[in-house]
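Written below as structure tokens is the structure these notes are about.
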Amino acid sequence: MRVMRKQRRLDRNSALPRWLWLGILTTMVVGTGTVALTPPLAQVKQITPSLQVPKIFHLPRVPSLWHTLAGSCEIQVAGGPILFQKNAYLERPIASTTKIMTAYLTLEDKMMPLNRKVTITSQEVLNDRQGLLKADSEVPLSRGQVVSVQDLLWALMLPSADDAAWVLARAATDNHPARFIAAMNQQARQFHMDHTHYVDPDGVNHEGYSTAADLMILTQHVMKNPEFRLLVRTKTHKTAFGVLSNLNQLLWSYPGAIGVKTGWTPWAGSCLVFGATRVEHGSPLTVYGVVLGEPAFNPMFHDTAQLLNTAFHTSWSPLIHAGQTVLVLHIQRVLTTTTLALYAAKPLGAYDVGEDATLQWRLKKPGPAWHAGQILGYARINAKGWPESSWVPLKARTSYVMPWWAHL
1 MRVMRKQRRL
11 DRNSALPRWL
21 WLGILTTMVV
31 GTGTVALTPP
41 LAQVKQITPS
51 LQVPKIFHLP
61 RVPSLWHTLA
71 GSCEIQVAGG
81 PILFQKNAYL
91 ERPIASTTKI
101 MTAYLTLEDK
111 MMPLNRKVTI
121 TSQEVLNDRQ
131 GLLKADSEVP
141 LSRGQVVSVQ
151 DLLWALMLPS
161 ADDAAWVLAR
171 AATDNHPARF
181 IAAMNQQARQ
191 FHMDHTHYVD
201 PDGVNHEGYS
211 TAADLMILTQ
221 HVMKNPEFRL
231 LVRTKTHKTA
241 FGVLSNLNQL
251 LWSYPGAIGV
261 KTGWTPWAGS
271 CLVFGATRVE
281 HGSPLTVYGV
291 VLGEPAFNPM
301 FHDTAQLLNT
311 AFHTSWSPLI
321 HAGQTVLVLH
331 IQRVLTTTTL
341 ALYAAKPLGA
351 YDVGEDATLQ
361 WRLKKPGPAW
371 HAGQILGYAR
381 INAKGWPESS
391 WVPLKARTSY
401 VMPWWAHL
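full-length UniProt numbering applies: residue 1 is where the sequence shown begins, and numbers increase by one.
Here you go:
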């Protein structure tokens, strides 16, 4: 009896502490892959970031050298600042850039689906024959011909068919094109195009007018419509009228060109609303432009290409270099505090336009171990008034493995 009591005391004295048994069991369960539990001592209690670079950067203003032969011009970053203006608020004829609004209203009209069939009437044939710019922009129409709204839009926006504009206007309003023109002006008011007045759906009549600034407003709205974007960036397309080619030469000659519409009349001169997208300094950048009253059609495309080049070469300063430490994290656990330095994987910067830029960051919660070069966060620098830039990875400067006892 005395021997049994002695053995029980020995067993109790040799028993492992309860907390140690818990750690061993947790390790065993995790090791089997049954469940992933964070050991109590490894749990993160607090992360305190210490910024190693400025949060606010004060940018200089570095002017760009702009030149254009156009009578009126505006260049703007999509969703961002206006970079250049020349007589941008001067009211003047805008020729076939009028068709931007015609196409937009057609695409937004639920009664004008792309597969809707339209029958050409004798009135449209007569209008076609009397077109002032027949040799330049019409597609052949015949009485009784049945065409789709989609093909009419291709004809409208690629070879700039004036007759297609009138067919669409009549089809959308049950043969009352004046109602369509009224809708064009109503939409202009809603877009705050306060210096625009439409008198036709094709832009032939020189009594219609707008400004470079108003056409820029319109462009930023209509380019949000994916079907419109497809129309204006397409070089050629096969339709019921045959293979149609876009008159916008930038689509062939300028990398990243995305549209949007040409124009010409004797009163308006050569006109172009244009745009291009490129990746600059790690972030996509879209620039739109409007030129009105260019002296000649073909040279206009060289002029607008130079305007785009100037925009894309706006002075840009690297504010944080690749490999530079951006943040130091102090990671506090139950019994340990770890220091982790994060560096930028790529340069971060902003355009030198005289505005302040702000550093933003977001972090991943670090685990019990990480390796050098592992992505543990992201950062970017956004300049006031500019579109948000792309996130740049923040990587761990050194590797780290928690001590064995912290896993208990």
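Using N, Cα and C, we set each Cβ at its ideal position, and we do this for glycine too.
Relative to Lys-117, the option among Pro-93, Ile-100, Tyr-89, Val-147 whose CA is nearest is Val-147. Nearest neighbour of Gln-187 by Cα position, chosen from Gly-203, Ala-172, His-221, Leu-83, turns out to be His-221.
Taking 8 Å as the cut-off, the Cβ atoms of Ala-305 and Tyr-351 do not count as close. Lys-395: member of the beta strand (DSSP E) spanning 392-396, first to last residue. The closest CA to that of Leu-247, considering only Ile-94, His-330, Gly-259, Thr-336, is found on Gly-259.
Between Val-392 and Ala-379, the CB-CB gap stays under 8 Å. Contact fails between the segment 302-318 and the segment 338-346, because fewer than three Cβ pairs, one in each stretch, are under 8 Å apart. In the structure shown, Pro-318 falls within a strand segment according to DSSP collapsed to helix, strand and coil. Per the Cβ contact rule, the segment 71-79 is in contact with the segment 269-288 (3 or more Cβ pairs under 8 Å). The beta carbon of Leu-250 sits closer than 7 Å to those of Ala-257, Phe-274, Phe-301, Thr-304, Ala-305, all from its chain and outside the five residues before and after it, given in chain order. When DSSP states are grouped into helix, strand and coil, Phe-312 belongs to the helix group. Rounded to the nearest angstrom, the gap between the Cα atoms of Arg-233 and Leu-152 is 16 Å. Taken atom to atom, the span from the alpha-carbon of Asn-87 to that of Pro-299 is near 20 Å. Residue burial annotation: Ser-96 is buried, with at least 16 other C-beta atoms found within 10 angstroms of its C-beta.
For Leu-51, the closest C-alpha among the options Gln-324, Lys-346, Leu-335 is that of Gln-324.
If the five residues before and after Lys-346 are omitted, its C-beta is found closer than 8 Å to the C-beta atoms of Gly-282, Ala-322, Val-392, Pro-393, all from its own chain and listed in chain order. Judged by DSSP secondary structure, Gln-332 falls within the beta strand (DSSP E) whose first and last residues are 325-332. In the DSSP assignment, Asn-382 falls within the unbroken beta strand (DSSP E) covering 375-383. Between Ala-155 and Phe-228, the C-beta gap is not smaller than 8 Å, which leaves the two residues out of contact. Non-local beta-carbon contacts of His-313 in its own chain, meaning distances under 8 Å to residues more than five positions away in sequence, involve Ser-64 in chain order. Within the same chain, Leu-105 come within 7 Å of Ala-183 by CB-CB distance, once the 5 residues on both sides are set aside. Annotation for His-176: no residue places its beta carbon closer than 7 Å to its own, counting only its chain and skipping 5 residues before and after. Beta-bridge partners assigned by DSSP to Gly-354: none are found.
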